[in-house]
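Using the UniProt record's numbering, the first residue of the sequence shown is number 1, and each one after it goes up by one.
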Amino acid sequence: MKVLVTGGAGFIGANFVHQTHESYPDADVTVLDKLTYAGNTDSLSGLDRVRLVRGDIADADVVDPLVAESDVVVHFAAESHNDNSLNDPSPFVTTNLVGTFTLLEAVRRHGVRYHHISTDEVYGDLELDDPAKFTETTPYNPSSPYSSTKAGSDLLVRAWVRSFGVEATISNCSNNYGPYQHIEKFIPRQITNLIDGIRPKLYGAGLNVRDWIHVRDHNTAVWRIIERGTIGETYLIGADGEKNNKEVVELILELMGHDPGDYDHVADRPGHDMRYAIDNTRLRTQLGWEPTFSDFRSGLADTIEWYRRHEDWWRPRKAEVEAKYARTGQ
């Protein structure tokens, strides 16, 4: 089996490559990654049968020959940081829309199976007291340049399935956490700040709710969809891990031996979605998937331990990330 993983040097993609290597040791994996700030070649170190190609998914001359030699394309590559999308939306349009179009045209030409990784943020947000959760039929209502371009990329996939018969599936996942996540992101930033003796930062009152899933569980679900999913279907991936940001920060502090109230509040970002929640019924009932890390506390403890043991992975970027946040008062 030959697998092309776009964005395979990023957080979720790199974990997917590691898990593919573990579960399918005879698979040949090609990683196509632009290696922007979010890509890290160290995340793939020590893996055999893995080839790294530095390139842009919006470049058809790079994409086409890689797709032509593949049995399946798993598309993780995306500009994905909400704050960055508010500062400069243009890379999000190019990567998330033009890049997805370029991949879809290549898989259409060569008849290759395609799986598209997306986000629950395409659905907008829910009220804090709303008992509802997102389902595969929830209308799209994105609120940022990031989520709107991801919504657009999902719609491109659906159109290419219907209009051209492309063999594709889509998954929309809740917030991931775990190894190899860039330290500008919420959970690893708090963990690495505490390792360095820096008080964690919390947007606003911290009442925004996210539905957390360990990255390993996300990726086992992706493989389940690739192998057993129905072409043209969308599957929502979540592990029933709703926590507000305040609870997450306080749990990190507790697990790392600090007073749970030892953090600072900073100004909230514009248009900050209040709550995401995933209904994963289709994934569980139709494909028989279950998460391994069903308890957020144990998954978070596992993640903290990983960052403690892998300071060599995140340390080189820490000062630059904190300097960037300092310039914006965060």
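Here a beta-carbon is modelled for each residue, glycine too, at the ideal position from N, C-alpha and C.
TODO: Verify whether the separation of the beta carbon atoms of residue 258 and residue 300 is less than 9 Å.
DONE: no
Task: For residue 192, the three-state DSSP class (helix, strand or coil) - done: Of the three classes helix, strand and coil, the one that applies to residue 192 here is helix, per DSSP.
Task: Alpha-carbon to alpha-carbon, residue 101 and residue 153 - done: 8 Å
TODO: Please determine, among 269, 39, 79, 104, the residue with the shortest C-alpha to C-alpha distance to residue 93.
DONE: 79
Open item on the list: Taking 9 Å as the threshold (C-beta atoms), are residue 167 and residue 112 in contact?
Closed with: yes
Open item on the list: In whole angstroms, give me the CA-to-CA distance for residue 5 and residue 158.
Closed with: When rounded, the separation of the alpha-carbon atoms in residue 5 and residue 158 is 20 Å.
TODO: Name the two residues that bound the continuous alpha helix (DSSP H) containing residue 12.
DONE: 11 to 23
Open item on the list: Considering only DSSP beta bridges, list what residue 272 is partnered with.
Closed with: DSSP lists no partner for residue 272.
Open item on the list: Taking the beta strand (DSSP E) that residue 114 belongs to, which residues open and close that run?
Closed with: 113 to 119
Open item on the list: Let me confirm a value: residue 116 is counted as buried when at least 16 other C-beta atoms fall within 10 Å, else exposed. Which label applies?
Closed with: buried
Task: Meets three-Cβ-pair contact criterion under 8 Å: the stretch 52 to 67 and the stretch 122 to 132 - done: These segments do not touch.
Task: Residues of its chain near residue 49, where Cβ-Cβ distance is below 6 Å and the 5 sequence neighbours each way are ignored - done: 28
TODO: Please confirm if the stretch 218 to 232 is in contact with the stretch 277 to 296, defined as three or more CB-CB distances below 8 Å between the two stretches.
DONE: Three or more beta-carbon pairs separated by less than 8 Å link the stretch 218 to 232 to the stretch 277 to 296, which places the two stretches in contact.
Open item on the list: With a threshold of 6 Å on Cβ separation, who are the neighbours of residue 135 within its own chain once the five nearest residues in sequence on each side are excluded?
Closed with: 279
- [ ] State yes or no: is the C-beta of residue 222 within less than 9 Å of the C-beta of residue 245?
- [x] With respect to residue 245, residue 222 sits apart: the two C-beta atoms are not nearer than 9 Å.
TODO: Would you be able to state if there are at least three C-beta pairs under 8 Å between the stretch 196 to 206 and the stretch 25 to 41?
DONE: These segments do not touch.
Open item on the list: Helix, strand or coil, according to DSSP, for residue 246 in the structure here?
Closed with: helix
Open item on the list: On the criterion of 16 or more Cβ atoms from any shown chain inside 10 Å, does residue 87 qualify as buried, or is it exposed?
Closed with: Answer is exposed; the Cβ neighbour count stays below 16.
Task: Every unbroken beta strand (DSSP E) inside the stretch 36 to 91 [3 residues or more] - done: Listed in chain order, the complete beta strand (DSSP E) runs (minimum 3 residues) inside the stretch 36 to 91 are 50 to 54, 72 to 75.
- [ ] Would you kindly check if the distance between the Cβ of residue 282 and the Cβ of residue 242 is under 9 Å?
- [x] no
Task: Element boundaries [alpha helix (DSSP H), containing residue 285] - done: 281 to 287
- [ ] Within the same chain, show all residues whose beta-carbon is closer than 7 Å to that of residue 151, passing over the 5 residues directly before and after it, in chain order.
- [x] 122, 140, 142
Open item on the list: Report the CB separation of residue 225 from residue 169 in whole angstroms; it is logged as a contact under 8 Å.
Closed with: 5 Å
TODO: With a cut-off of 8 Å on the beta carbons, I'd call residue 106 and residue 161 a contact; round off their distance for me.
DONE: Here residue 106 is actually not in contact with residue 161; their C-beta atoms are around 15 Å apart, not less than 8 Å.
- [ ] Can you grab the Cα-Cα spacing for the pair residue 35 / residue 20, in whole Å?
- [x] 20 Å
Open item on the list: Give me, in chain order, the residues of the same chain whose beta-carbon lies closer than 6 Å to that of residue 47; leave out the 5 immediate sequence neighbours on both sides.
Closed with: 21
TODO: Could you tell me whether the stretch 247 to 257 touches the stretch 313 to 324, where touching means 3 or more Cβ pairs closer than 8 Å?
DONE: The answer is no - the stretch 313 to 324 does not touch the stretch 247 to 257, with fewer than three Cβ pairs under 8 Å.
Task: Between the CA atoms of residue 33 and residue 65 - distance to the nearest angstrom - done: 15 Å
Task: Cβ neighbour criterion (16 or more within 10 Å) applied to residue 37 - done: exposed
Open item on the list: Suppose the cutoff is 8 Å on Cβ atoms and the five residues either side in sequence are ignored; what does the same chain contact list for residue 98 look like?
Closed with: 58
TODO: Helix, strand or coil for residue 293, going by three-state DSSP, please let me know.
DONE: coil
Task: Residue environment, residue 179, which counts as buried when at least 16 other CB atoms sit within 10 Å - done: buried
Open item on the list: Determine whether the beta carbon atoms of residue 12 and residue 176 lie at a separation below 9 Å.
Closed with: Cβ distance < 9 Å, so residue 12 and residue 176 count as in contact.
TODO: Leaving out five residues on either side along the sequence, give the residues of the same chain with a beta carbon under 6 Å from the beta carbon of residue 85.
DONE: 92, 144, 145, 146
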